[in-house]
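Each residue of the sequence shown is one higher than the one before, counting from 1 in the UniProt record's numbering.
To start, the structure itself, in structure tokens.
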Amino acid sequence: MASRVALGEKLLASRSMWAVRQYAKQGIPPSLRTQMWDLMLQSSITNDATAHIRQHCKQLKPQIARYDLLIDRFIHVDVRQCQNDDTYFVFEDVLSEILLLWTRDECKVETQIQNLPSKWDPASVGSLLVRDADLLPPFGGRCGLHDFPRAVFQVSGSGTNGRPSSTRYFCHLHTLNSHPQGLLVLSTTFENLLKQADSPLYFHLAHTLQSPPLSIAFRWLMFGFVGVLDVEQVLLLWDRVIAFDRAELFSVVAAAVFLFRRDALVAARSLKDVEVR
């Protein structure tokens with residue numbers, strides 16, 4: 001481990017995004033994760049990124065007190081989910097602050113504007129209310145990265161290219177569209193992988209038990225495995241998603257979980273057995 005950390009520090013010093021991505025494909029030591037995510041997501045926009053983000057947050061905070069947004073109510077509802085989670089409940093106040101800051105960030109607003117339909121369609125109103133997926137899980141996983149809210153905001157909510165982890169990956173997990181890394185495509189990819197890898201298992205679950213595997217895995221994909229895996233396992237998975245720059249890894253892991261538990265699932269005789277196993 002010491003030699004791997006030393007190698008990681010050397011790569012960070014080189015500022016080579018390509019080299020860091022190759023390194024991250026095998027997982028990132030916790031002590032280096034923040035810096036490597038920052039480099040891979042291109043969110044280091046000044047010589048002193050910490051000072052920059054502190055100033056940026058300082059400018060956004062007055063806007064929270066100045067006016068309320070309709071989406072603020074959804075934020076409080078989402079954050080309250082942490083109260084029943086042994087892992088994330090201590091971060092409730094931190095999450096609330098982060099999410100409120102994100103809704104006031106011009107970078108994220110510009111991203112939303114780019115996604116607006118060219119013609120007004122009343123049916124699109126509902127999708128605009130939930131298009132910012134940072135207001136939903138998997139925001140909780142980011143708490144394990146940093147020791148204060150501004151640092152979380154730096155990596156997950158701001159970047160030179162306007163496409164940080166939230167808008168590059170996680171927003172598509174809560175939007176029903178044809179985006180190649182969107183929830184619908186990931187769901188299809190998961191089903192195809194499982195069918196090809198073990199069609200008897202898929203048939204047993206989908207037809208014999210009337211419990212399609214996607215009905216179980218959908219939540220895993222939507223939440224980026226937050227609440228499903230341990231925190232460190234979630235972060236190791238996200239290391240690889242960012243390193244490969246492919247959200248399809250969520251589908252691969254979901255299919256792998258079913259294959260890993262194949263014997264127990266084949267022995268299941270009811271939906272209740274599947275959920276327990």
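Glycine included, each C-beta is placed from N, C-alpha and C at the ideal position.
Keep in mind the model is a prediction, meaning the values are calculated, not measured.
When you compare each of the options to residue i by their alpha carbons, which one comes out closest?
i, options, result
"A267", "V241, T208 and R33", "T208"
"M40", "A247, Q55 and D239", "D239"
"L201", "Q22, F258 and L32", "F258"
"W102", "L193, L32, K58 and P180", "K58"
"L194", "T87, D105 and R261", "R261"
"L265", "R104, F203 and K25", "F203"
"S215", "V241, L271 and D105", "L271"
"G70", "L100, Q55 and L95", "What sits at residue 70 in the sequence shown is Leu, not Gly. Closest option to L70, Cα to Cα, is L100."
"V253", "Y23, A217 and H174", "A217"
"R246", "D85, H172 and L32", "H172"
When the Cα atoms are used, what is the spatial distance from residue i to residue j?
i, j, result
"V226", "M36", "21 Å"
"W120", "L176", "At W120 the pLDDT is 43, less than 50, meaning the model places this residue with poor confidence; the figure from the coordinates comes in the next sentence. So the alpha carbons of these two residues sit roughly 18 Å apart."
"R269", "P213", "15 Å"
"E275", "A13", "47 Å"
"V155", "D38", "Residue confidence for V155 is low, a pLDDT of 44 falling below 50, so the modelled location carries little weight and cannot support an answer."
"G141", "R15", "Here the model assigns G141 a pLDDT of 49, short of 50, so the residue's position is not dependable and the matter cannot be decided."
"M17", "D72", "36 Å"
"R168", "V241", "11 Å"
"A133", "L229", "Per-residue confidence for A133 stands at a pLDDT of 40, beneath the threshold of 50, marking its modelled position as unreliable; the derived number appears in the next sentence. Cα-Cα distance, rounded: 20 Å."
"V234", "S178", "26 Å"
"Q55", "S211", "51 Å"
"L95", "R219", "21 Å"
"D86", "F74", "22 Å"
"E232", "R33", "11 Å"
"A2", "K61", "40 Å"
"D105", "A24", "28 Å"
"N192", "H174", "21 Å"
"D273", "D263", "12 Å"
"V90", "A206", "39 Å"
Quick one: give me the first and last residue of the alpha helix (DSSP H) that residue i is part of.
i, result
"L95", "E92 to T103"
"Y202", "S199 to F203"
"S251", "L249 to F260"
"L176", "Segment: none, L176 is in no alpha helix (DSSP H) and carries neither H nor E."
"Y23", "M17 to A24"
"A243", "V231 to F244"
"F218", "P213 to M222"
"I75", "I71 to V79"
"A6", "A2 to S14"
"D38", "P30 to M40"
Can the beta-carbon of residue i be found less than 8 Å from the beta-carbon of residue j?
i, j, result
"L221", "S187", "yes"
"Q83", "E92", "yes"
"V20", "L11", "yes"
"G27", "L184", "no"
"Q181", "E248", "yes"
"F170", "A255", "no"
"F244", "G224", "no"
"G8", "P30", "no"
Open item on the list: With three or more C-beta pairs closer than 8 Å as the rule, is the region 78-90 touching the region 57-65?
Closed with: no
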